[in-house]
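Chemist: My questions all concern the structure below.
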Amino acid sequence: MAHVEFLNREVSSIEAESQMLENLVVEYLRVLEQLEYWKSENGFLQRKVKKLLRKGRRQSQTIREQDLKLEAREAEVLRIYDALETRTKVIKKLYSPRGTQTSYHVNAHCPP
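For the sequence shown, the numbering used here assigns the number 182 to the initial residue and increments by one for each residue that follows.
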């Protein structure tokens with residue numbers, strides 16, 4: 182009888198261990214499934230980041246180009262303004278009597 186009890190306990194122990202291993206396999210498969218999901222999600226996010234980086238680079242290039250154009254326009258406006266100021270001074274000298282100062286004052290910072 183003691184032998185039968187021993188065998189029953191042994192069988193119970195093996196069944197418990199088998200159940201524990203089965204639960205472990207189920208948990209492993211669940212974790213594996215999550216891992217695959219997150220790998221897929223990671224790939225999606227990496228593609229999205231690359232796309233955003235490309236877009237950012239294009240926008241930066243566009244901004245640099247627009248900045249260069251704006252600087253060129255500002256330089257052109259300053260050249261035109263300087264030429265206009267020079268012409269204004271020449272005209273005022275031509276119309277002022279010799280040896281007298283004109284009452285006009287040309288402000289270099291404000292256009293007429």
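Each residue gets a CB set at the ideal place from its N, CA and C atoms; glycine is no exception.
These numbers were taken from a predicted model, which means no experiment stands behind them.
What number of angstroms, rounded off, separates the C-alpha of glutamine 242 from the C-alpha of arginine 228?
Modeler: 21 Å
Chemist: What number of angstroms, rounded off, separates the C-alpha of serine 221 from the C-alpha of alanine 253?
Modeler: 48 Å
Chemist: What is the DSSP secondary structure of arginine 228, counted as helix, strand or coil?
Modeler: helix
Chemist: By the three-class DSSP mapping on this structure, what secondary structure does methionine 182 have?
Modeler: coil
Chemist: Taking the alpha-carbon positions, what's the asparagine 189 to arginine 211 distance?
Modeler: Here the alpha carbons of arginine 211 and asparagine 189 stand approximately 33 Å from one another.
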